[in-house]
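Visitor: What follows is a structure written as structure tokens; I'll ask about it next.
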């Protein structure tokens with residue numbers, strides 16, 4: 001697939017690398033430093049390039065939104081029409097001080113993104129996954145972690161679930177896009193566990209259900 | 001320990017049974033039907049009794065709050081002073097229609113409970129655990145599930161973590177009581193996974209961190 005990364009910081013670069021490494025064509029965009037985009041593209045191999053948001057988005061099948069919350073309106077304006085495209089929203093709507101959600105409870109960042117990106121099929125995903133875990137790889141964890149996703153368009157969710165699986169995570173369908181009202185606070189909880197309650201930020205989640213085989217514990 | 005259950009519905013009765021089964025002295029309270037409390041106490045064995053909220057709370061070490069959100073003010077008034085006691089808040093602040101949180105984002109049910117129960121050491125816990133999982137027991141799941149808890153009092157959190165462990169869950173410290181702003185939306189997410197996205201409601205969560213042994217998967 002052709003994947004446009006809007007926002008090439010910690011999350012965008014980690015996701016871009018991974019998507020390129022499993023064979024997707026990746027375009028990095030939206031950095032203050034165009035040279036950084038070039039370096040990023042180079043380090044991701046021959047299937048990656050640097051582009052403007054509009055260039056990246058134009059021929060992309062999937063748009064991956066990873067900018068800081070305050071840049072969402074600007075990057076979506078720059079990207080132009082995203083009608084009919086799958087838009088994976090990985091953002092968390094943080095306040096400028098970065099320690100609380102700017103919106104929540106009766107709305108969510110994802111719902112605001114969906115209103116701004118008219119006609120795009122928005123799926124919330126990867127917002128609960130620390131960039132450090134993406135960089136380190138899921139194999140640093142003792143078991144396969146989940147990646148929660150939610151959205152209103154069945155096809156867009158299916159595409160997202162496939163991408164999630166390709167990156168080594170177990171896709172967990174969390175229902176409609178309004179479930180982002182739960183997934184964005186969950187990202188804050190993961191942040192608390194990753195940065196305040198443990199020594200390493202590579203924290204993963206797993207959803208347990210009855211009826212699967214009990215994973216045997218390794219002996220000490 | 002002497003444990004007062006305020007609210008003897010699905011959650012209260014499941015928790016009371018479990019606490020009695022591991023040796024605690026349990027008092028069930030707050031039901032429209034006093035006979036139900038008697039039956040509950042009987043079925044939980046010789047260490048359980050039925051009581052009024054004030055009676056139950058008076059000599060309890062730990063108060064377990066499991067009433068419906070709209071009954072919180074009334075049950076806390078009935079219970080009398082809870083100063084110095086450990087109060088485990090298992091509630092979720094649902095709207096009367098039961099499908100959304102009545103409060104969130106910049107506050108939480110737990111913070112409201114803490115303001116009402118003056119002097120009590122409030123810990124949020126078990127609100128993300130379906131009552132069905134408590135009734136079925138953690139062994140229906142393929143691995144040990146986590147029980148997230150948060151609070152501002154170190155001793156109260158330690159007591160809660162010990163109780164969590166006794167019930168077979170792995171206690172996961174989620175920081176200060178303000179983290180209830182994340183744990184209450186997480187309960188809604190678990191509800192979505194338990195009742196809308198799967199066939200059985202006994203859903204558990206697990207927090208994965210690097211550096212533990214990889215649990216071997218059972219062969220198919």
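Protein chains in written order, with the working numbering: chain A, 1 to 220; chain B, 1 to 220. Where a beta carbon is used, it is the ideal one built from N, C-alpha and C, also for glycine. It should be emphasised that the depicted structure is a prediction, and the values quoted were computed from it without experimental measurement.
#1: Taking CB distances under 7 Å as the criterion, tell me whether residue 185 of chain B reaches chain A.
#2: When DSSP labels each residue in this structure, what does residue 223 of chain B get in the three-state scheme?
#3: Would you grab the beta carbon distance between residue 120 of chain B and residue 74 of chain B for me? Rounded to a whole angstrom, and I think it's under 8 Å.
#4: Considering only their Cβ atoms, is the gap separating residue 86 of chain A from residue 7 of chain A smaller than 7 Å?
#5: Just how far apart, CA to CA, sit residue 167 of chain A and residue 52 of chain B?
#6: Can you tell me where the alpha helix (DSSP H) with residue 55 of chain B in it begins and where it stops?
#7: Consider the Cβ of residue 132 of chain A: report whether some Cβ of chain B lies at a distance smaller than 7 Å.
#8: Answer with buried or exposed for residue 127 of chain A, where buried requires no fewer than 16 other C-beta atoms within 10 angstroms of its C-beta.
#9: Along chain A, which residues have their Cβ under 7 Å away from the Cβ of residue 62 of chain B?
#10: Would you kindly report the start and end of the unbroken beta strand (DSSP E) that includes residue 121 of chain A?
#11: Look at residue 136 of chain B and residue 172 of chain B and say whether their C-beta atoms are less than 7 Å apart.
#12: Check whether the Cβ of residue 127 of chain A lies closer than 7 Å to any Cβ atom in chain B.
#13: Would you mind reading off the limits of the alpha helix (DSSP H) that contains residue 39 of chain B?
#14: Just to confirm before moving on: does the CB-CB distance between residue 207 of chain A and residue 157 of chain A stay below 7 Å?
#15: Only counting the same chain, and skipping five residues up and downstream in sequence, which positions put a Cβ closer than 7 Å to that of residue 210 of chain A?
#16: Just tell me which of A:10, A:34, A:44 has its CA closest to the CA of residue 23 of chain A.
#17: Using a threshold of 7 Å, state whether the C-beta atoms of residue 202 of chain B and residue 140 of chain B are closer than that.
#18: Taking 6 Å as the limit between beta carbons, can you name the residues of its chain near residue 215 of chain A, skipping five residues before and five after?
#19: Determine which residues of the stretch 153-178 of chain B have a Cβ less than 8 Å from any Cβ of chain A, and write them out in chain order.
#20: Tell me whether the beta-carbon of residue 192 of chain A lies closer than 7 Å to the beta-carbon of residue 175 of chain B.
#21: Can you find a CB in chain B that lies within less than 7 Å of the CB of residue 111 of chain A?
#22: In whole angstroms, give me the CA-to-CA distance for residue 217 of chain A and residue 129 of chain A.
#23: With a CB to CB cut of under 6 Å and the five nearest residues on each side skipped, what residues in its chain are close to residue 14 of chain A?
#24: Where does residue 95 of chain A land, buried or exposed, given buried means 16+ other C-beta within 10 angstroms?
#25: Within 10 angstroms of its Cβ, does residue 34 of chain B collect 16 or more other Cβ (buried), or is it exposed?
#26: Name, please, each residue of chain A whose Cβ falls closer than 7 Å to the Cβ of residue 38 of chain B.
#27: Where does residue 196 of chain A land, buried or exposed, given buried means 16+ other C-beta within 10 angstroms?
#28: Taking residue 123 of chain B as the query, report the chain A residues whose CB atoms sit under 9 Å from its CB, ordered along the chain.
#29: How many whole angstroms separate the CB atoms of residue 223 of chain B and residue 64 of chain B, which I take to be in contact at a CB cut-off of 8 Å?
#30: By the 10 Å Cβ neighbour count, where 16 or more other Cβ atoms means buried, how is residue 59 of chain A classified, buried or exposed?
#31: State yes or no: is the C-beta of residue 160 of chain A within less than 7 Å of the C-beta of residue 112 of chain A?
#32: Alpha carbon to alpha carbon, how far is residue 90 of chain B from residue 31 of chain B? Give it in angstroms, no decimals.
#33: Please list, in chain order, the chain A residues whose beta carbon lies closer than 8 Å to that of residue 222 of chain B.
Guide: With the given structure in hand:
#1: yes
#2: There is no way to answer for residue 223 of chain B, as the model of chain B reaches only from 1 to 220.
#3: That pair is no contact at about 16 Å.
#4: Result no, Cβ atoms of residue 7 of chain A and residue 86 of chain A do not sit closer than 7 Å.
#5: Each residue's alpha carbon lies about 55 Å from the other.
#6: 53-58
#7: no
#8: buried
#9: Within chain A, no residue comes near residue 62 of chain B; the closest Cβ sits about 23 Å away, beyond 7 Å.
#10: 121-125
#11: no
#12: No - not a single Cβ of chain B is within 7 Å of the one on residue 127 of chain A.
#13: 34-43
#14: no
#15: none
#16: A:44
#17: Contact annotation: residue 202 of chain B and residue 140 of chain B have beta-carbon atoms nearer than 7 Å.
#18: With a pLDDT of only 48 at residue 215 of chain A, under 50, the local geometry of the prediction cannot be trusted, and the value read off the model is given with reservation. Nothing meets the Cβ criterion.
#19: 172, 173, 174, 175
#20: yes
#21: At least 7 Å separates the CB of residue 111 of chain A from every CB of chain B.
#22: Annotation note: pLDDT 43 at residue 217 of chain A (below 50); position unreliable, coordinate value reported separately. Each residue's alpha carbon lies about 25 Å from the other.
#23: A distance below 6 Å between beta-carbons, with the five flanking residues on each side excluded, links residue 14 of chain A to the following residues of its chain, in chain order: 131, 134, 135.
#24: exposed
#25: exposed
#26: Residues of chain A passing the Cβ test: none, with the nearest at roughly 32 Å.
#27: Around the beta carbon of residue 196 of chain A, fewer than 16 other beta carbons sit within 10 angstroms, so the residue counts as exposed.
#28: For the C-beta of residue 123 of chain B, not a single chain A residue is nearer than 9 Å; the gap to the nearest is close to 15 Å.
#29: Outside the modelled stretch of chain B, which goes from 1 to 220, sits residue 223 of chain B, for which no answer is possible.
#30: exposed
#31: no
#32: 17 Å
#33: Here chain B has residues from 1 to 220 only, and residue 222 of chain B is not among them.
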